Amino acid sequence: MIDVKPLHPLFAGEVSGIDLRDPVDDATRAAIVAALDRYAVLVFHGQQLDDDRQMAFSGSFGPLGQTAIVKRKGYTPRLNPHFTDISNLDENSEILALNDRRRMMALGNRLWHTDHAFRPVPSKYSLLYAHAVPPEGGETEFTDMRAAYDALPATRKAQIADMVAMHSLMYSREVIGFTDFAPEEHAAFPPAPHPLVRIHPGSGRKALYLAAYASEIRGMPVPDGRMLLRDLTEHATQRQFVYTHRWTVGDLLMWDNRSLMHRAGDYDMTQRRDLRRNTVIQDISTMDEKARATAAVA
Ligand code: OGA
Ligand code: MN
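Read left to right, the sequence shown gives residues 20 to 317 (the numbering used here).
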């Protein structure tokens, strides 16, 4: 059975006693899900996965999501569509040029976010595995959005309880000055509504649901909504809520996007960084999930 050692006072656990190449039985899956409900991000060191084995492990937690990039002419993905390529490499495993669109698009991962929040049905879990890491930098930071919610003043909790934020992929890239999107891409990723406060179905805990994609609060003037989103993001990313993961080749991290935000750290992009991510998608939209949770309480 798995053993979990806490890595931070609030969240994050290191799991031992499991080889992720082995098929996951029901008891092990339940133990991992329970650990995610508690710790929100789990670190599995010293794994030996190829893409098929990573997909098999990820797929034992639900249907896998597909990568969000719209295919452009002359662009061949390096990995199969069930992977999001979290690397600085092209399809020939060469380091991407400074002006490569894929590299600039991926820079958006340095903003605090939660995966696929620009879709009405976002990712539940993300599973990121390290094949190559730079000698320094390139850490991944996580912030505990349940603890951040708990620490809000009661007046703020009451104010935001039923608010809905609009999340746009394009907005998150405009923030860093990247606007090279084709009309089909704008059409493929319309803004998605999400409750600002989610209730986790596994733990029952409330969590702030924010991301760099969040551009407006529904029903509020845009500048007011944006200021509120900024204030909440600043609150939620204070150091006491943050755990920093320093990567070693063979690490697999599994996290719960309903309970956290995360962001990539800066590194020297002349060094190779090859991380590959699967996501497990939710079975319902966040809006339906909130309606269900609210109905259960009433
Ligand atoms: C991701 C992501 C951060 C990183 O895999 O979803 O945002 O450190 N990664 O690369
Ligand atoms: Mn991400």
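Yeah, the Cβ is synthetic: ideal placement off N, Cα and C, and Gly gets one too. This one's a predicted model, so the numbers in the text were calculated from it and none came from an experiment.
The Cβ-Cβ distance between Thr289 and Ile114 falls below 8 angstroms. Remark: C-beta atoms of Tyr190 and His27 do not approach each other more closely than 8 angstroms.
Not one heavy atom of the ligand MN is found less than 7 angstroms from the C-beta of His264.
Taken from the Cβ of Asp293, every heavy atom of the ligand MN lies 7 angstroms or farther away. Its Cα nearest to that of Ala312, the residue Val216 stands out among Leu247, Leu248, Val216.
If you check the C-beta of Asn128 against the ligand MN, you find a heavy atom less than 7 angstroms away. In this model, Asp285 and Leu130 are separated by some 11 angstroms (Cα to Cα). Under the Cβ criterion (8 angstroms, minimum of three pairs), the region 49-57 counts as touching the region 203-223. Assignment of Leu39 by DSSP, reduced to helix, strand and coil, places it in the coil class. At least one heavy atom of the ligand OGA is found less than 7 angstroms from the C-beta of Arg296.
The ligand MN never approaches Asp163 closely enough for any of its heavy atoms to be under 7 angstroms from the residue's Cβ. By the 16-neighbour rule on beta-carbons within 10 angstroms, Tyr94 is exposed.
Val52 sits in a helix when the DSSP states are folded into three classes.
With a threshold of 7 angstroms, the Cβ atom of His281 counts as near the ligand MN, since some heavy atom of the ligand is closer than that.
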